[in-house]
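Comments concern the structure below.
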Amino acid sequence: MWREGWAAAIVGSTIADWDVERRFRVTEVALAIMWCCASAYLSYFFADCMMSRWLLNYSPPAVVIRLLTINGLISYMTSWVLYLSGASSDPRLLLPAWISITTTLTFLYHATQNHATIKRETTASISVLSVASFITFVIAKKLWEWFCQALQMYAVRDIHGDPGVGGIGNGGSGGVEL
């Protein structure tokens, strides 16, 4: 069942087998999934706010049509942002794309909330954005520490002349000069 593909790379190996690049990729995709969930939650808030406004002025069938239309527009715009950012072909661009989508939905929610006659709890949308930002910051800090440790490890191996590193100052083809 887990023999090929992305799931095999995660499930089929231990943490000790993971290099820094794999940690970055998996963590970045996990953060993108978290931002995607935050976007879905904020999309619900936005549609709920609009529905509350529309129910005061329109009949229920008209509100259903408007809800289907707004959800279709949000889906279409989300797919275009993912396509135009290149995230549909390069997973490394998923995180910035979903952060921009979530931020845009937060601003849309607050822009429409100010004109609504029924006031909703606006701190929930800011809380979603704040929690996602905080988690991203903490994980990015941990990734930076992993990167610095890996860079120090390669530098120490280079100083001691370890030919297995193949990079920094020992005649290898790649690497970083310190």
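At position 59 of the sequence shown (counting the first as 1) the number is 59 in UniProt numbering, and the numbers step up by one without a gap.
Beta carbons are placed, not taken as given, at the ideal position from N, Cα and C, and that holds for glycine.
Query, Result
"Since L94 and A32 should fall inside the 8 Å C-beta cutoff, what is the C-beta to C-beta distance between them, to a whole number of angstroms?", "4 Å"
"With a Cβ-Cβ cutoff of 9 Å, do A112 and R53 count as a contact?", "Reading off the sequence shown, one finds Thr at residue 112, where the question assumed Ala. Their beta carbons are under 9 Å apart, which means T112 touches R53 by this criterion."
"Do M34 and I126 come within 9 Å of each other at the CB atom, strictly closer than that value?", "no"
"Closest to S133 by C-alpha separation, out of C37, D19, R25, C148, would be which residue?", "C37"
"If you drop the 5 nearest sequence neighbours on each side, which residues of the same chain put their C-beta closer than 7 Å to that of A30?", "none"
"Give a yes or no on whether the C-beta atoms belonging to T27 and L143 are separated by under 9 Å.", "yes"
"Applying the 10 Å Cβ sphere with the 16-neighbour rule, what's the burial state of Y44?", "exposed"
"Rounded C-beta distance between Y83 and L42? I'm assuming under 8 Å.", "Actually they are not in contact, since the Cβ atoms of Y83 and L42 sit about 20 Å apart, beyond 8 Å."
"Spatial neighbours of M51 within its chain, please: CB distance less than 7 Å, with the 5 preceding and 5 following residues excluded, ordered by chain position.", "V63, L67"
"What whole-angstrom Cβ distance do R23 and W146 have, given they're in contact under 8 Å?", "6 Å"
"Are there 16 or more other CB atoms within 10 angstroms of the CB of I101, so buried, or fewer, so exposed?", "buried"
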